[in-house]
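A short write-up of the structure that comes next.
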Amino acid sequence: MTINFNENPPPSLTDGSYFNSAGAGLMSRSVVSAMVDHLHLESMMGSYEAAAAKSQDLSDLYLAAGQLLGCDPDEIALTGGNTSGWQTAIGAINFSHGDRILVGRSEWGGNYAALLHIAHRVGAVVEVIPCNEFGEVCLEQLRAMLDSRVKLISLTWMPANGGLINPAAEVGALARANDITYVLDAAQAVGQIPVNVRQLGCDVLTAPGRKWLRGPRGTGLMYVRRRFFQQHVPVMIDQYSAPLVGLKYQLREDARRFETSEACVAARVGFGVAIRSALTSDIGSIQRNVFERAERVRNGLLSISHVRLHDLGRVQSGLISFSVIGISPGVVKARLMEAGVNVAVNGIAFTPLDMQARGLIEIVRASPHIHTSDADVDRLIRAVELIAS
Ligand SMILES: Cc1ncc(COP(=O)(O)O)c(C=O)c1O
């Protein structure tokens with residue numbers, strides 16, 4: 019088979035129907051080929067030499083990421099995934115006894131655990147912002163919760179367990195008006211919907227490369243507002259984030275003070291290709307395509323009598339959550355896999371506050387992308403029909 023690595027969007031490399039873009043999007047052939055080429059280069063000339071040969075591409079990555087998020091390149095730090103960036107930024111905040119930390123009900127479980135850990139260590143409290151009837155963060159109740167003790171608002175924009183889209187920009191406006199640090203987990207948003215950090219009003223925004231951007235695993239990016247990086251010092255530094263001048267270190271004056279020196283350069287090269295490809299496809303058009311496919315999936319699932327949809331929100335994203343009455347999500351996933359359909363199962367640990375508030379233990383999650391065809395959607399729906407019958 020002759021593979022056209024430049025095809026965009028590329029045909030799927032799998033025989034099956036892939037509905038796990040919210041876990042890890044399928045990398046395009048051009049991403050894979052750029053990475054493989056770089057590995058070959060490393061094996062021929064040495065890793066540092068290969069990185070030097072690609073130095074322009076690597077510095078362009080910050081430009082492309084800035085374009086993607088609507089910020090300057092010096093406000094971008096590259097990370098190893100969502101959590102690695104998020105933890106580095108949160109770790110730089112100086113929490114103290116009595117501080118209040120506000121989270122949305124759909125907060126990513128890893129973030130919630132980390133914030134509880136900080137709260138236990140310093141004597142702060144983590145409080146959950148109540149939801150409105152759509153499951154979104156309730157802006158009125160958030161406004162009423164704000165006082166001088168609120169040190170941080172941490173919001174997961176689009177949760178891992180369904181189609182909800184939180185009003186991230188409205189939360190940002192409240193945070194800005196009250197001078198409260200606002201950290202936005204955009205793991206499920208970047209690459210799926212247009213993002214503009216200035217409009218969002220966040221201090222920090224994090225995203226992995228591997229999900230909607232369809233980059234490789236082990237990549238990610240983080241926006242750090244200029245004022246945030248000027249006022250916050252990472253817990254740990256190295257000779258990259260804080261170069262030594264003589265025997266004194268000098269913290270970098272950009273967001274890269276939150277990076278360290280070592281990285282998988284091949285993955286970064288692939289990540290750069292993935293970001294540029296998303297920008298070329300146009301994120302607005304990606305959003306329309308993904309949402310339209312998600313709607314087809316939802317409509318198909320709704321027509322099956324033993325299926326329940328669990329998505330919250332008014333406008334719903336490309337993450338579809340459902341269950342089949344009487345059959346465990348794990349079994350549904352396994353049976354769909356036999357039918358050539360990949361989906362994911364999400365348990366309580368990923369979105370503990372929301373799952374427990376709604377009495378959910380596990381859900382099946384389907385997440386299409388622009389490469390998802392009508393035939394893929396039909397295959398998923400037919401397979402769920404069979405399972406449900
Ligand atoms: C909303 C959200 N936040 C954070 C994460 C964790 O991302 P990572 O595994 O890149 O650290 C995920 C992963 O699925 C997620 O969906």
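Plus 18 on top of the position in the sequence shown (first one is 1) and you've got the working numbering. Note that beta-carbon positions come from the ideal geometry of N, C-alpha and C, so glycine has one too.
Every alpha helix (DSSP H) stretch that sits fully inside the region 157 to 240 and reaches 4 residues is listed by chain position as 157 to 163, 186 to 195, 215 to 218. With a cutoff of 7 Å, T101 counts as near ligand 1, since its C-beta is closer than that to a heavy atom of the ligand. Checking the DSSP bridge columns, you'll see T97 partnered with G238.
For secondary structure counted as the beta strand (DSSP E) over 3 or more consecutive residues, the region 62 to 99 holds these complete runs in sequence order: 94 to 97.
Counting the other CB atoms within 10 Å of its CB gives E151 a total below 16, which places it among the exposed residues. Per the DSSP secondary-structure output, L262 pairs in a beta bridge with Y267. A Cβ-Cβ distance of about 6 Å is found for the pair Y130 and V121, placing them in contact under the 8 Å criterion. Residue pairing by DSSP places A362 opposite R383 in a beta bridge. Between G103 and A95, the gap from beta carbon to beta carbon is short of 8 Å. Within the same chain, Cβ atoms closer than 6 Å to the Cβ of G109 are found at V253, the five residues on either side in sequence being excluded.
The beta carbon of T101 lies closer than 7 Å to those of G128 in the same chain, with the five residues before and after it left out. For A205, the Cβ falls inside the 7 Å cut-off from some heavy atom of ligand 1. Around the CB of Y66, fewer than 16 other CB atoms lie within 10 Å, so the residue is classed as exposed. By a beta-carbon distance limit of 8 Å, L404 does not contact A384. Their separation comes to about 16 Å. Excluding sequence positions up to five before and after R243, its CB lies within less than 6 Å of the CB of D221, all in the same chain and listed in chain order. In the DSSP annotation of this structure, the continuous segment of the beta strand (DSSP E) that includes E145 starts and ends at 143 to 146. When the alpha-carbon of G236 is set against those of M53, G34, N38, S48, the nearest one is in M53. The Cβ-Cβ distance between V395 and L319 does not fall below 8 Å. Boundaries cannot be given for R376, as no beta strand (DSSP E) includes it and DSSP labels it neither H nor E. Within the chosen limit of 7 Å, ligand 1 reaches the beta carbon of G128 through at least one heavy atom. Distances between the C-beta of T237 and the heavy atoms of ligand 1 are all 7 Å or more. Judged by the Cβ position, A384 fails to qualify as a neighbour of ligand 1 at the 7 Å threshold, every heavy atom of the ligand being at least this far. Nearest in C-alpha terms to L223, of all of M355, T106, G331, F289, is T106.
For the set V189, L202, D256, R294, the Cα lying nearest the Cα of M240 is the one of L202.
Less than 8 Å divides the Cβ of D329 from the Cβ of L182. P370 has its CB no nearer than 7 Å to any heavy atom of ligand 1. For a cut-off of 8 Å, the C-beta gap from V143 to I119 is around 7 Å, short enough to register as a contact. Distance from the CA atom of A193 to the CA atom of I255, rounded to whole angstroms, is 28 Å.
In terms of Cα proximity to V213, the closest of Q305, V361, A70, G64 is Q305.
According to DSSP, residue pairing for V121 in a beta bridge involves V146, S172. For L297, the CB contacts under 7 Å within the same chain, skipping 5 residues up- and downstream, are A82, Q85, L86 in chain order. Ranked by Cα distance from D197, the options L354, R314, L170 are led by L170. Assignment of S102 by DSSP, reduced to helix, strand and coil, places it in the helix class.
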